[in-house]
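Position one of the sequence shown corresponds to residue 55 (the numbering used here), numbered consecutively onward.
Glycine included, every Cβ here is placed at the ideal spot set by N, Cα and C.
Encoded as structure tokens, the structure appears first; notes follow it.
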Amino acid sequence: MHDVHPPPSAQAAAGPTVSNLDENMSALLEVASQAIPQIEHAGVLVTHRPAPMTAAASSAFAVSVQQLHLELDEGPCFEALNTGLTVVSEDVRRDRRWPAYGSAAAALGLRSQLAVPLIWENRTVGSLGLYWTTRHVLDVHTLTLAQTFAAQTGATVGLGRKVEQLESAMATRQMIGQATGILMERHGMDATSAFNYLRRNSQNANVKLRDIALEFLRTGALPEPPPGSEASPNRDKSASMGMRTMPPSGSSNVAQAVAPTVP
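Okay, here's the thing in structure tokens:
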């Protein structure tokens with residue numbers, strides 16, 4: 055079996071951003087807590103599939119308040135994330151914009167809140183939430199500082215995701231290259247034929263090419279047998295949708311795939 059690992063270049067590129075993304079955001083929150091006047095708690099929500107998630111929090115209290123946003127699908131941080139606008143609530147208990155969130159957050163001890171969207175390349179990638187347990191009247195200085203930290207945090211999230219995408223693309227290319235090389239070695243294909251064979255399997259099975267290559271590297275199995283084998287799809291097209299098994303990569307014995315009997 056050939057082990058599949060992300061290319062070293064991708065791992066190196068990911069080092070300062072992806073692997074330390076949480077640490078970077080936590081560090082930004084710590085600085086924000088010291089720089090913004092009288093701030094008590096802070097947290098970061100980020101967009102994620104299927105739902106937003108908490109990426110960082112300065113305290114257990116902040117985690118609890120962030121969780122309320124996620125459970126209720128409402129609140130200042132949710133609104134900032136969905137609209138891309140800064141949202142202020144000086145008294146969540148009396149704020150009628152989010153009745154369920156306001157009462158639940160007040161029960162936790164929250165009083166005032168500021169939510170600033172995290173913007174990266176003209177897209178909202180999350181929101182920064184600042185929390186006070188006493189009523190806090192927000193001034194221009196506090197708002198400006200919060201927006202500055204939100205811009206830095208948005209850049210951290212956006213750049214981290216770009217590196218993750220690059221890492222994933224490089225790993226995908228490596229896996230497809232490994233699968234293509236094994237097919238060339240075992241079945242005498244040239245590079246184009248081996249790649250087209252993988253792509254045909256991907257199209258026929260309606261599965262991403264990356265997943266087809268990964269499954270082949272793990273199990274040696276593909277939906278469609280390689281050209282020239284006893285079960286070639288050119289000889290038995292009706293059987294081409296069944297699973298044919300090839301030996302896992304690394305096996306010393308290479309067996310020909312055999313098509314199932316067709317009535």
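A distance of 8 Å or more separates the beta carbons of residue 142 and residue 124. Residue 157: member of the alpha helix (DSSP H) spanning 153 to 162, first to last residue.
CA-CA distance, residue 254 to residue 247, rounds to 10 Å. By the CB criterion at 8 Å, residue 110 and residue 98 fall inside the cutoff. Residue 163 and residue 209 have their C-alpha atoms roughly 31 Å apart.
Distance between residue 264 and residue 230, taken at the CA atoms: about 7 Å.
Residue 118: member of the alpha helix (DSSP H) spanning 114 to 126, first to last residue. According to the DSSP assignment, residue 150 belongs to no beta strand (DSSP E), since it is labelled neither H nor E. Between the stretch 73 to 93 and the stretch 197 to 211, the count of Cβ pairs shorter than 8 Å is three or higher; the stretches touch. Counting C-beta pairs with one atom in each stretch, the stretch 93 to 107 and the stretch 184 to 202 have three or more that are closer than 8 Å, which means they touch. Secondary structure at residue 103: coil, using DSSP grouped into helix, strand and coil.
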